[in-house]
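Enquirer: The opening position of the sequence shown corresponds to residue 1 in UniProt numbering, with each subsequent residue numbered one higher. A virtual CB, placed ideally from N, CA and C, is assigned to each residue, including glycine. Keep in mind the model is a prediction, meaning the values are calculated, not measured. I have a structure here, written as structure tokens, and I will follow up with some questions on it.
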Amino acid sequence: MVSTIMAPALTTISKELHMNSAEAIMALSIYLLATAFGPLIIGPLSEVYGRKKVLHASNVWFLVWNIVCGFANTKEVLIAARFLAGFGASSIYALAGGVLSDVWRPEQRGRSLGIYLTIPILGAAVGPIIGGFMAGRTTWRWMFWSTSVFQAVMILVSFPSFHETYAPSILKHRAAKLREDTSDSRYHTEHEGIAHGKSVARILATSLTRPIRLLAFHPIIQVTSVVSAFDYGVLYIVLSSFSDLWQHKYHYSVELSGLHYIACALGEVAGSQLGGPLMDFFYRRAQAKHAGRPLEPEYRIPLAYPCMVVAPLGLFIYGWTAQYQVHWIAVDIGIFLALFAMQMGGMPLTAYVIDSYPEHTSSAMAASQFLRSLTAFLFPLFTPYMYDALGYGWGNSAVAFVFLALGLPLQWVLWSYGAKLRAKATSSG
Numbered sequence: 001m002v003s004t005i006m007a008p009a010l011t012t013i014s015k016e017l018h019m020n021s022a023e024a025i026m027a028l029s030i031y032l033l034a035t036a037f038g039p040l041i042i043g044p045l046s047e048v049y050g051r052k053k054v055l056h057a058s059n060v061w062f063l064v065w066n067i068v069c070g071f072a073n074t075k076e077v078l079i080a081a082r083f084l085a086g087f088g089a090s091s092i093y094a095l096a097g098g099v100l101s102d103v104w105r106p107e108q109r110g111r112s113l114g115i116y117l118t119i120p121i122l123g124a125a126v127g128p129i130i131g132g133f134m135a136g137r138t139t140w141r142w143m144f145w146s147t148s149v150f151q152a153v154m155i156l157v158s159f160p161s162f163h164e165t166y167a168p169s170i171l172k173h174r175a176a177k178l179r180e181d182t183s184d185s186r187y188h189t190e191h192e193g194i195a196h197g198k199s200v201a202r203i204l205a206t207s208l209t210r211p212i213r214l215l216a217f218h219p220i221i222q223v224t225s226v227v228s229a230f231d232y233g234v235l236y237i238v239l240s241s242f243s244d245l246w247q248h249k250y251h252y253s254v255e256l257s258g259l260h261y262i263a264c265a266l267g268e269v270a271g272s273q274l275g276g277p278l279m280d281f282f283y284r285r286a287q288a289k290h291a292g293r294p295l296e297p298e299y300r301i302p303l304a305y306p307c308m309v310v311a312p313l314g315l316f317i318y319g320w321t322a323q324y325q326v327h328w329i330a331v332d333i334g335i336f337l338a339l340f341a342m343q344m345g346g347m348p349l350t351a352y353v354i355d356s357y358p359e360h361t362s363s364a365m366a367a368s369q370f371l372r373s374l375t376a377f378l379f380p381l382f383t384p385y386m387y388d389a390l391g392y393g394w395g396n397s398a399v400a401f402v403f404l405a406l407g408l409p410l411q412w413v414l415w416s417y418g419a420k421l422r423a424k425a426t427s428s429g
């Protein structure tokens, strides 16, 4: 929610803090740049110190800097605080995949993944709705203060309720307890044995460089990251410009323009809540055909195929109905279809990465998230220029054509050659 809540108030914030249009977009998007780099550190740290400690530290870090955003009196302070807040918030991208891998079996991950993916994306879609009403009725600073209050409550709830899920950390704690209770120093875990004799600096260096090595040397991460990154970039093209469409082409108020984000939210929710059960259904059916044996990660891919066609179709409808200012319901239907298919099509790729890297899920997700967040940061920067040059019709058509050109061939590569690509990957360390 915090990533997009300020979108409807950019004009107001720009006037108060003396920002030009490029700086205003930077203030909005730099949060996403932080979510590209944050997981590269947070994910590996969770595989050294456990999910729980890293999650709590990240949440407190985000809270501090989000409060600072509300008190910012210069554009420099706002942009810097947004970046630092995004760094803390990126823990959800780094850790959630790892927690899902820790807790749920492969045949159960579709539904749990659907719930997880709904929350951050739904927040991004709902943020402008709330922000629109706040911008029209109170100061923009309450966008940050109100979300900080909510975050503080969530931190207080999570401290006693969130338990460690990372198996090596749980076993390490149990071994330490046994050594203390029995005075027998022979109790050690397998991971402690591997790390024996290594300095803390060496362990951290190996862990912190793992996401970069995965992205650089593992074709599976490279292919899934490219598809997911373009998907995510298109999402933020929509989220960053949707309010502007309604305010300037349809001449709606800030509040009414924010309400159209409901179509975005509905598309995301429908895609994840339908896609999760469908993914589990197809996985279990394939598993039954293989006598209940564990399946290769490639069995996640088929669900994504139809989505790679429906998403561009939605973008075509959205672009050309907006171009000719057709009735608002047609525009919202187009954007609903696009985000519905993008969300459903992205889920199999996330599950594919989780299934492919069970021991280092957080690092693999961090590697994938890097490109996703990078496109989410960069794409909104050129969006105004794209629409100025091409209009909504050809602008969104161009995006749809690229979607088709990337999505279908790369999905085929994963389905046909995924096992070979995984076999060729160098050690993740």
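Compare the beta carbon distance of S373 and L33 with 8 Å and say whether it is the shorter of the two.
Expert: yes
Enquirer: What would DSSP say about S90, mapped onto helix, strand or coil?
Expert: coil
Enquirer: For L155 and G88, I'd like the C-alpha separation in whole angstroms.
Expert: The residue you asked about is not Leu; residue 155 is Ile in the sequence shown. Rounded to whole angstroms, I155 to G88 spans 13 Å at the Cα level.
Enquirer: Need the endpoints of the alpha helix (DSSP H) that V378 sits in, please.
Expert: Inspection of the sequence shows that residue 378 is occupied by Leu rather than by Val. Per DSSP, L378 belongs to the alpha helix (DSSP H) from T361 to K424.
Enquirer: Please go through the segment 38-80 and give each complete alpha helix (DSSP H) segment of 4 or more residues, from N-terminal end onward.
Expert: 51-71
Enquirer: Assuming the contact rule is C-beta atoms closer than 8 Å, G393 and Q323 should be a hit. Round their C-beta distance to whole Å, please.
Expert: 3 Å
Enquirer: With distances taken from CA atoms, which of E107, S183, Q273 and Y357 is nearest P211?
Expert: Y357
Enquirer: Which class does D280 belong to by DSSP, given the choice of helix, strand or coil?
Expert: helix
Enquirer: Starting from the Cα of E16, find the closest Cα among T375, I67 and T74 and give me that residue.
Expert: T74
Enquirer: Indicate the three-state DSSP secondary structure (helix, strand or coil) for S427 in the structure shown.
Expert: For S427, the predicted structure reports a pLDDT of 47, less than 50, and the residue's modelled location is therefore unreliable. The matter cannot be settled from this model.
Enquirer: For S91 versus I221, is the C-beta spacing smaller than 8 Å?
Expert: no
Enquirer: Have a look at T383 and K172 and give me their C-alpha separation to the nearest angstrom.
Expert: 49 Å
Enquirer: From which residue to which residue does the alpha helix (DSSP H) around F230 run?
Expert: P219 to H248
Enquirer: Taking all protein chains shown into account, decide if I115 is buried (16 or more other Cβ within 10 angstroms of its Cβ) or exposed.
Expert: exposed
Enquirer: Specify whether the segment 128-143 and the segment 57-67 touch according to this definition: at least 3 beta carbon pairs, one from each stretch, less than 8 Å apart.
Expert: no
Enquirer: When you compare the segment 133-149 with the segment 398-417, are there three or more beta-carbon pairs, one atom per stretch, that lie closer than 8 Å?
Expert: no
Enquirer: Classify L295 as helix, strand or coil using the three-state DSSP reduction.
Expert: coil
Enquirer: May I ask you to report which of helix, strand or coil DSSP gives R82?
Expert: helix
Enquirer: If we ignore side chains and look at the alpha-carbon of each, how far apart do Y250 and A27 end up?
Expert: 25 Å
Enquirer: Taking the alpha carbon of M386 as the reference point, which residue from R293, S241, W145 and T118 has its own alpha carbon closest?
Expert: S241
Enquirer: Hey, how far is the Cα of V310 from the Cα of L337?
Expert: One alpha carbon belongs to V310, the other to L337, and they sit about 7 Å apart.
Enquirer: Just to confirm my understanding: we take A36, look at its own chain, exclude 5 residues before and 5 after, and list those with CB closer than 6 Å. What are they?
Expert: F370, S373 and L374
Enquirer: Quick check on this structure: which residue in P168, A96, V68 and L95 has the alpha carbon closest to the alpha carbon of residue 493?
Expert: Absent from the structure is residue 493, since the part of the chain shown begins at 1 and ends at 429.
Enquirer: What do you reckon, are the CB atoms on A400 and P306 nearer than 8 Å?
Expert: no
Enquirer: Roughly how many whole angstroms lie between the Cα atoms of L122 and E268?
Expert: 6 Å
Enquirer: For the alpha helix (DSSP H) containing T165, list its first residue and its last residue.
Expert: Taken as a continuous stretch (DSSP letters only), T165 belongs to no alpha helix (DSSP H), as it is neither H nor E.
Enquirer: What is the C-beta distance between A398 and L390, in whole angstroms, given that I count them as a contact (C-beta under 8 Å)?
Expert: Sure, about 6 Å apart at Cβ, within 8 Å.
Enquirer: Report the rounded CA-to-CA distance for M19 versus R141, giving the unit in angstroms.
Expert: 16 Å
Enquirer: Based on Cα-Cα distance, which residue from A376, D355 and A423 lies nearest to G98?
Expert: D355
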